[in-house]
Every structure is written in C-alpha cells, then in structure tokens.
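Single-structure report; data block below.
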Amino acid sequence: MDMSLAILVDLYNENYAQGVMLDMEYDPAPPVEGGSPETTSPEVLQMMQAMYDMGSEPLVAELEARRDSLDALSAP
Amino acid sequence: MTRFLPLALAMTLAASSALAQTAPTLDEAQQTAPEMPGMTEQTHADLMATLGVPRVPIRTIGILVYDGVNELDLMGPRYTLGQYMGAQTLLIATEPGTVTTVMGVEIVPDTLMADVDALDVLVVPGGFTGTIETAYDGEILDWIRRIDQTTTYTAAVCTGTWILGATGLLDGRRATTNWYRAGEMMDRYGATFTDERFTQDGKYWTSAGVTAGMDMSIAMLADLWSEPYAQAIMLDMEYDPAPPVEGGSPETTAPEVFNMMQAMYDMGVQPLMQRLDAEAAASSTPPTDAN
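Line by line, the protein sequences are chains A and B. Quick note: the first sequence uses our numbering, first residue -16, plus one each step. Quick note: the second sequence uses our numbering, first residue 32, plus one each step.
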C-alpha cells in the first residue's frame, strides 16, 4: 500500500494521492508495536523465522531435487 | 506465505491437548495442516511458550459481503482475523452468486446469510452506495440483529457502521466510523462519535474508514489471544506502515482536497439517502385512501 501510494504520487501528483489516502482513511495506528524484525520481540521473531524455515526449506529441497533429476534425464 | 502461517501455527497448537479442549475446532485445522518435516518437540515447546493459548475461544468469524462492499474494508479483517487458528472465517453473502466490490473485484463468497444461524465474531464492512442500500434492507438488518444475539463480538468497519447503526444496536453506545459526516451519521443512529481509529464499547467494535479495519482487527486478535500473537501476525503482514504522503485523515489532508472529497461523497450519498428515507417513510405510513 505504501509503495502503491508512492507510485500514484509519481504517476499523478501528491494531491491526487492525498485524495486516495483520505478515501482509504489511511492514517495508520497499529495498536501493538511490531511489524518489522526490529520492532518484534526476539522470541516472536525467532518463532516466526523457524516456522517459515519449516514450511519453505523442505519444499525448496524437494523442488530442487525434482529439477535436478529432470536435468539429469534430459542430459545427453 | 498466505496460507502457510495459520496452518503451521494451527498444527503446532493442535499438538497441545489442553488447548484442544478449549478450542475443539483446532482438530479441523490439524487435518488441513501441511507436513512439517522440520518440526521437533523442542520447536513445539518454544512455539507454545511464545504464543500461549487464546484468552477467548472463537470458532466462527463471519464477514458480511454485498454488492458494492469495499474490498479493503473486508480484506483487512479477512486476512488478520483469519489468522486466529482453529477458527473458520467465512465471507457471507446477502444473496446467491458472486459479489462485486466497489472497485469491481468479483468475490466468490463462502456461504449465504440464510445458511448462517450463529457466529462468534461478525464483521460488517462498509463501502459506498451499496452500503447505504444495505442499511435500508430490512431482511439484512434482521439477520444482523439475530446473529448479534449469538456473537462474542460484533464489529463494523468504515461505513459498515452505518449498517450496524441502522439495526439499532449502536443506540446509546460510543462508536467510530468513516470520516465522512461522521458525527451526523452517528447521531442518526443514536451513537456518540468517538473520533478514534477504532472503538470498543462492550461487545461492539467499530473502526474508522477502510484501512482502520486492519488496526481494529489486530487489536481484536490481541484481545482474543495475546499481544505476542498479534505481534506474530503483524510481522507476517510486515505491518509497520510508512505512508509516503501526509494525509489519511481530515486533519492531515489539504483543505481543498478534503472539500473536493466531501463534495464528491455528498453527490453520491445525499440524493440516495433522501430517496431511501422518503421510501421508508412512505412504506411505514398507513394508506389514507383505504377503501
């Protein structure tokens, strides 16, 4: 959303983006501190990273093994 | 990462029998959870210690969708509250078929209003003219009143507060809503406009316009579960907003932009509300020429 607003500013102008921001009432006030690695408590950050690792690493390993075996099959 | 986080969390927490007793629907989440070859007992224990257990058990979250609904009003809560593991989150349509949002996105709802009798959390999103028409639809208002009797929390985002207000449920309560003629609109429904990003009054949660629904939903997660839980979801969403332009509220918007936006909304809202008010008055007045 932040990027898209910046793109609107770039494509049109600041007043235009400000009209859209008012339509979205985009004046954010997150009720909890967080949303970035720096503002997240270390145990929550580590938990989330461990969970993403668990979800992505075996999948990446499987996809790479499949790709390698396809490469081996098509090799002369 | 959209489906990964809640399912991974759900599987982790489903491992706790103590929690399974308070939130039985975790069994369902476990059935749909992906394989996690890297999960060890130690990581289970670490995750459990970090997240804790929900303070308030929730099984069903329903978001009402109708033609003309604002997609961002509904998608903030759908994404955020949808991460309450073990709960089913449903987009509930007012009538059969797909729903077209205010910006033209076609939505395939999960179920129909007529097929839903009870919810733990009901969210009513806003929009523009479609929202006003919904606020004058007696059948929809009756359904909301009926469901409200079963909810732990009833919430509205943006002009969804107009719909919730039209049910009478906000009468005598504090509430917030979209900035557009907010005080007048809350007066109309007997509520006191708080001018907050979101407001909780008893079981009723209301938010300011569109994106405020995300802030409200995060606060609801923190309330229903815990702050660390909400923080985990905020990291998943990388919700550390940095708007590149000043604005987003009447106070931070240039007066000429504000006046233009209000005039534009007036043109869309005022004739429609006058017509619907007149129709409602006519249908509630007994006929004088009965013969």
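Note that the Cβ used here is the ideal one computed from N, Cα and C, for glycine as well. The structure presented is a predicted model; accordingly, all values stated were derived computationally and were not measured.
Inter-residue spacing [alpha-carbon to alpha-carbon] between Arg306(B) and Gly191(B): Here residue 306(B) corresponds to residue number 275 of the second sequence, with the count starting at 1. Here residue 191(B) corresponds to residue number 160 of the second sequence, with the count starting at 1. Straight-line measurement puts the Cα of Gly191(B) at about 20 Å from the Cα of Arg306(B).
Proximity below 8 Å, CB of Arg90(B) to CB of Asp151(B): As a working mapping, residue 90(B) is identified with position 59 in the second sequence. As a working mapping, residue 151(B) is identified with position 120 in the second sequence. Contact flag set, yes.
Asp104(B) and Gly161(B) closer than 8 Å at C-beta: Numbered from 1 along the second sequence, position 73 holds the residue referred to as residue 104(B). Numbered from 1 along the second sequence, position 130 holds the residue referred to as residue 161(B). Taking 8 Å as the Cβ cut-off, Asp104(B) and Gly161(B) do not qualify as a contacting pair.
Residue(s) in a DSSP beta bridge with Phe224(B): Translated into the one-based positions of the second sequence, residue 224(B) becomes position 193. As DSSP reads the structure, Phe224(B) sits in a beta bridge with Ala206(B).
Of the residues Asn209(B), Ala309(B) and Pro127(B), the one placed nearest Ala243(B), counting alpha carbons only: As a position in the second sequence, residue 243(B) is number 212, starting the count at 1. It is Asn209(B).
Short Cβ contact (8 Å threshold) for Leu5(A) with Val133(B): For the purposes of this step, residue 5(A) is identified with residue 22 of the first sequence, where counting begins at 1. For the purposes of this step, residue 133(B) is identified with residue 102 of the second sequence, where counting begins at 1. 8 Å or more divides the Cβ of Leu5(A) from the Cβ of Val133(B).
Chain-ordered chain B contacts of Val43(A) [CB-CB under 9 Å]: As a working mapping, residue 43(A) is identified with position 60 in the first sequence. The premise fails here: Val43(A) is roughly 12 Å from chain B at the closest Cβ pair, so nothing lies under 9 Å.
Interface positions of the region 229 to 248 of chain B facing chain A (Cβ-Cβ less than 7 Å), listed along the chain: For the region 229 to 248 of chain B, which is checked against every Cβ of chain A, the residues closer than 7 Å are Ala239, Gly240, Val241, Thr242, Ala243 and Asp246.
Beta carbon proximity, Pro67(A) to chain B, threshold 8 Å: With chain A represented from -16 up to 59, any question about residue 67(A) goes unanswered, as that position is not in the structure.
N- and C-terminal bounds of the alpha helix (DSSP H) containing Leu195(B): For this step, residue 195(B) is matched to residue 164 along the second sequence. In the DSSP assignment, Leu195(B) falls within the unbroken alpha helix (DSSP H) covering Gly191 to Ala197.
Assigned secondary structure, Glu137(B) (DSSP; H/G/I helix, E/B strand, else coil): Taking the first residue of the second sequence as 1, we reach residue 137(B) at position 106. Reduced to three states, the DSSP call for Glu137(B) is strand.
The region 267 to 280 of chain B / the region 191 to 207 of chain B touching (three or more Cβ pairs under 8 Å): No, the region 267 to 280 of chain B does not touch the region 191 to 207 of chain B.
Cutoff 8 Å: Leu53(A) Cβ touching any chain B Cβ: Locating residue 53(A) in the first sequence gives position 70, where the first residue counts as 1. Chain B, which has no Cβ nearer than 8 Å to the Cβ of Leu53(A), makes this no.
Same chain, Cβ closer than 6 Å to Thr207(B), neighbours up to 5 away in sequence not counted: Your numbering for residue 207(B) matches position 176 in the second sequence. Taken in chain order, the residues that qualify are Thr225, Glu227, Thr230, Thr237 and Ala239.
Contact with chain A by Val87(B), beta-carbon distance below 8 Å: Here residue 87(B) corresponds to residue number 56 of the second sequence, with the count starting at 1. So no, Val87(B) is outside the interface.
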